[in-house]
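S.K.: Below is the structure I would like to discuss, written out as structure tokens.
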Amino acid sequence: MIGRCRVTLLAGGFASMLSVQGTAVYGVARNGDMLRAETAIDQCIRRADSGRPWLTQTLRALRRQEGGWIGAEVRNRDGSVDLGPMQVNSWWVPRIARLTKRSEAQVRSWLRDDACFNVDAARWIFLSALHDERDFWRAVGIYHSPTGWRQMQYAKGIALIMANDRWAPLGPRARAN
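Once you know that position 76 of the sequence shown is 205 in our numbering, the rest is easy, because the numbers rise by one and skip nothing.
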């Protein structure tokens, strides 16, 4: 059991909370209950939005595009690994470990297995890019890649997701069968 603590990350004037808690959401995916896991992830997104509907929509679109899950560890061609529901790249692990004063192994575990820590890290990455670039779509692209053409492709995909969801209620898409 990890216990609970909150760590404030300051990045370019944005204060972002990383929730360090390894119990509540961790067991959900292990039990195989996908609906409960998706609900838990969405609750983490709503908690992380700080009352900003645009941030809720952005995080949900990033989540939908990334397609990760609690416990996800997806290898990339470059040797890095995408972790958890928001597929936070392992490139961020050392930086988050320094900022939270936790071990890289612990941060990697939390990113993979703790939905709220993962969402909070994704929020911090996105808001840091938004603060630095002062351009929403560039920040969306930076969330995905440091490479310009990949950023543009990714931002276009997120724009499509957000446009399709514009008039739908925010949250996981319900499919009528």
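Beta carbons: idealized from backbone N, C-alpha and C, even for Gly.
Identify the residues that DSSP records as bridge partners of ARG236: which are they?
M.R.: Taking the first residue of the sequence shown as 1, we reach residue 236 at position 107. A small correction: the amino acid at residue 236 is Val; Arg does not occupy that position in the sequence shown. According to DSSP, VAL236 bridges with nothing at all.
S.K.: Quick one: any contact between the segment 259-270 and the segment 279-287, if contact means 3 or more CB pairs under 8 Å?
M.R.: Verdict: yes, contact present.
S.K.: Determine the burial state of LEU259: buried for a count of at least 16 other Cβ atoms within 10 Å of its Cβ, exposed for fewer.
M.R.: Counting from one through the sequence shown, the residue named residue 259 turns up at place 130. Buried, since its Cβ has 16 or more Cβ neighbours within 10 Å.
S.K.: Does the separation of the CB atoms of ASP294 and ALA166 fall below 8 Å?
M.R.: For the purposes of this step, residue 294 is taken as residue 165 along the sequence shown, with counting starting at 1. For the purposes of this step, residue 166 is taken as residue 37 along the sequence shown, with counting starting at 1. Not a contact, by the Cβ cut-off of 8 Å.
S.K.: If you pair each beta-carbon of the segment 244-256 with each one of the segment 163-179, do three or more pairs fall below 8 Å?
M.R.: Because the criterion of three Cβ pairs below 8 Å is met, the segment 244-256 and the segment 163-179 touch.
S.K.: Could you give the distance in angstroms between the alpha-carbon of ALA158 and the alpha-carbon of LEU212?
M.R.: As a position in the sequence shown, residue 158 is number 29, starting the count at 1. As a position in the sequence shown, residue 212 is number 83, starting the count at 1. Annotation note: pLDDT 47 at ALA158 (below 50); position unreliable, no value reported.
S.K.: From the DSSP output, in three-state form, read off ARG204 for me.
M.R.: Within the sequence shown, residue 204 is the residue found at index 75, counting from 1. In the structure shown, ARG204 sits in a strand (DSSP, three-state: E or B).
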